[in-house]
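Trainee: Each residue of the sequence shown is one higher than the one before, starting from 237 at the first, in the numbering used here.
Virtual Cβ for every residue (Gly too), placed ideally from N, Cα, C.
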Amino acid sequence: MINQTDLISKYGGNAPRYTSYPTAPHFDDSVNASAYQNWLGEIRAEDVISLYLHVPYCRQLCWYCGCNTRATQVYGPVSQYMEFLLEEITLIERLIAEKPVVGRLHWGGGTPTILTGGDFLRTMEKLRESFDFAGDAEIAVEIDPRTMTESKAELLATAGVTRASLGVQEFAAHVQEAINRRQSFRQVVRSVGMLRAAGVESISFDLMYGLPRQTIADIEETAALTVELRPERVAVFGYAHVPWMKPHQLLIDEDALPGAAERPKQAAAAARVLEKAGYEPIGLDHFALPEDSLSKLAKSGGLRRNFQGYTDDQANILIGFGASSIGLFPQGYAQNYSDLPHYFSAVKSGQLPIMRGIEISDEDRLRREIIERLMCNYSIDLGSACAERGASLGLFKDEHRRLKEFADDGLIAFEGDVVTIPYKFRPYVRSVCAVFDSYLQTGKGRHSRAI
Ligand code: SF4
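1) State the Cα-Cα distance for the pair Asp-575 and Phe-441, rounded to the nearest angstrom.
2) Can you have a look at Ser-270 and say buried or exposed, based on whether 16 or more other CB atoms are within 10 angstroms of its CB?
3) Just grab the DSSP bridge partners of Gln-309 for me.
4) Excluding the 5 residues preceding and the 5 following Ala-459 in the sequence, name in chain order all residues of the same chain whose CB lies nearer than 6 Å to its CB.
5) Given the structure, does Leu-402 come close to the ligand SF4, in the sense that its CB is under 6 Å from one of the ligand's heavy atoms?
6) Any heavy atom of the ligand SF4 closer than 6 Å to the Cβ of Thr-385?
7) Just to check, is the beta-carbon of Thr-259 closer than 6 Å to a non-hydrogen atom of the ligand SF4?
8) Scan the segment 397-429 and note each continuous beta strand (DSSP E) run of 3 residues or more that stays entirely inside, going in chain order.
9) Would DSSP call Ile-455 helix, strand or coil?
10) Out of curiosity, what's the CA-to-CA distance linking Ile-648 and Ile-279?
11) Any heavy atom of the ligand SF4 closer than 6 Å to the CB of Gly-545?
12) Could you tell me the alpha carbon to alpha carbon distance between Tyr-475 and Ala-333, rounded to whole angstroms?
13) Report yes if the C-beta distance between Ile-555 and Leu-287 is below 7 Å; otherwise report no.
14) Looking at the unbroken alpha helix (DSSP H) that takes in His-477, where does it start and where does it end?
15) Going by C-alpha to C-alpha distance, which of Met-318, Asp-380 and Cys-303 sits closest to Lys-482?
16) Please state the DSSP three-state secondary structure of Pro-695.
17) Quick one: does the C-beta of Leu-297 sit closer than 6 Å to a heavy atom of the ligand SF4?
18) Which residue comes first and which comes last in the beta strand (DSSP E) that contains Leu-576?
19) Take the Cβ of Glu-599 as the centre, count every other Cβ of all protein chains shown within 10 Å, and call the residue buried at 16 or more, exposed below.
20) Within the same chain, show all residues whose beta-carbon is closer than 7 Å to that of Ala-621, passing over the 5 residues directly before and after it, in chain order.
21) So Gly-277 is in the alpha helix (DSSP H); what residue range does that whole segment cover?
22) For Met-611 and Tyr-247, which I take to be in contact (beta-carbon distance under 8 Å), what is that distance rounded to the nearest angstrom?
Given below as structure tokens:
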């Protein structure tokens, strides 16, 4: 057994968040528009799929932001972008021979609520013409409470939106100052009230720890204000300081960031407040009320993880639309161009705007299954996972040796072929997953701290 400080320095280093496996830094140009076209052609009418739409615009840039977005004070660029997005939907619709059923649609960004009502409705209509939506399809939208109005809330509900995910992060004014996102508690209260009154059934909040100038007392207060509003779900993400990937994060004062030992304490403080108020912990960083589907799935072992984090979405096909969006197919992942000129130029010439991706092998699928189960359930029976996929346990000889070291340090229990991460060491789950990541050693991609 080693002490807490040594544990953090040995296992708290940088690791992927594992919202996919292989992770995006390992995508390359081996998957192009023509490969993606073949994947689309193999979709069948009986498939239940998910859709993701990316709107890469915001009114103002938050300095902590890790998304593909840009600030705009005028609507022209957004309007032009939406024309291309509609065109991309047409391109994809033509390549799908059999219309599948859509069980989920997620609008992400950026700020989807930057759209005018007309553009939002037009896009929804286009999607409903192009695909068959299930009667109980979940339609989720990421919301910036600073752009929410009563008419927008009504419009979202009329368009069939069932879930609103509000970017809240932190209520303390000195932290908001340090991240360039000023947003009052009152604005959030009003947004929740307008969305609930309009009939949006489910509300999620995104909070953050590890922000500049943030203290344990700040995150506790933010969590306490959050539970007053009773969102069905709350995510508490650790701020990922990756200025080599997101240069605007250089505006954040690095000296004001909480240290490696402080971050897990902040996460634990938020968890304490949420759990005391009746929220159940889901995976690494989500919480939900007991009656929410995430809580039920976490108990039954059916929780999933995708690009949006922990989810109850069971679909194995996700079509992404818009710049930088990533599609998931049984064959692999495909990502659109992130930069707008390339995205626009491909769509304009009638080409699928695919920038890169990766085809996945049977071994990748097995490793993905192990990583997803660890991220969701904190436990995996390696013997059963291998047997189910007809693989030999011998494949994990090196991993076995490294896991023994984790176990000797007291970080995991490793009995027989079963790996279990005890409750108090759950924040280290990304480091345990990294043991199974055969792409990590290639050195492509730098990641945020694991805890
Ligand atoms: S509103 Fe959201 S997407 Fe836009 S800059 Fe802020 S964090 Fe990023």
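Mentor: Considering the structure as presented:
1) As a position in the sequence shown, residue 575 is number 339, starting the count at 1. As a position in the sequence shown, residue 441 is number 205, starting the count at 1. One C-alpha to the other measures close to 29 Å.
2) Sequence index remark: in the sequence shown, residue 270 carries index 34 (1-based). Exposed.
3) Translated into the one-based positions of the sequence shown, residue 309 becomes position 73. Beta-bridge pairing links Gln-309 to no other residue.
4) Numbered from 1 along the sequence shown, position 223 holds the residue referred to as residue 459. These residues qualify, in order along the chain: Ala-506, Val-509 and Leu-510.
5) On the sequence shown, residue 402 is found 166 positions in, with the first residue counted as 1. Result no, Cβ not under 6 Å from the ligand SF4.
6) Translated into positions along the sequence shown, residue 385 becomes position 149. False, no ligand heavy atom lies under 6 Å from that Cβ.
7) Position 23 of the sequence shown holds residue 259. Checking the Cβ of Thr-259 against the ligand SF4 gives no.
8) Within the segment 397-429, the complete beta strand (DSSP E) runs of at least 3 residues are 399-405.
9) As a working note, residue 455 is residue 219 in the sequence shown. Looking at Ile-455 - three-state DSSP - the assignment turns out to be helix.
10) The residue labelled residue 648 in the question sits at position 412 within the sequence shown. The residue labelled residue 279 in the question sits at position 43 within the sequence shown. So the alpha carbons of these two residues sit roughly 40 Å apart.
11) Counting from one through the sequence shown, the residue named residue 545 turns up at place 309. No.
12) In the sequence shown, the residue the question calls residue 475 occupies position 239. In the sequence shown, the residue the question calls residue 333 occupies position 97. Using only the alpha carbons, I get a separation of about 42 Å.
13) For the purposes of this step, residue 555 is taken as residue 319 along the sequence shown, with counting starting at 1. For the purposes of this step, residue 287 is taken as residue 51 along the sequence shown, with counting starting at 1. Going by C-beta atoms, Ile-555 is nearer than 7 Å to Leu-287.
14) As a working mapping, residue 477 is identified with position 241 in the sequence shown. Here His-477 belongs to no alpha helix (DSSP H), and DSSP marks it neither H nor E.
15) One-based indexing of the sequence shown puts residue 482 at position 246. Ranking Met-318, Asp-380 and Cys-303 by Cα distance to Lys-482 puts Cys-303 first.
16) Because the chain here runs from 237 to 687, residue 695 falls outside it and cannot be looked at.
17) Locating residue 297 in the sequence shown gives position 61, counting from the first residue. Yes, since a heavy atom of the ligand SF4 falls inside the 6 Å radius drawn around the Cβ of Leu-297.
18) Within the sequence shown, the letter at position 340 stands for residue 576. For Leu-576, there is no enclosing beta strand (DSSP E); the residue is found in the alpha helix (DSSP H) stretching over 576-584.
19) Reading the sequence shown from its first residue, position 363 is the one you call residue 599. That one is exposed.
20) Residue mapping note: residue 621 aligns to position 385 of the sequence shown, counting from 1. Excluding positions up to five away in sequence, the list reads Leu-602, Glu-605 and Ile-606.
21) For the purposes of this step, residue 277 is taken as residue 41 along the sequence shown, with counting starting at 1. Note, Gly-277: alpha helix (DSSP H), 269-277.
22) One-based indexing of the sequence shown puts residue 611 at position 375. One-based indexing of the sequence shown puts residue 247 at position 11. Contact flag wrong, Cβ pair sits at about 16 Å.
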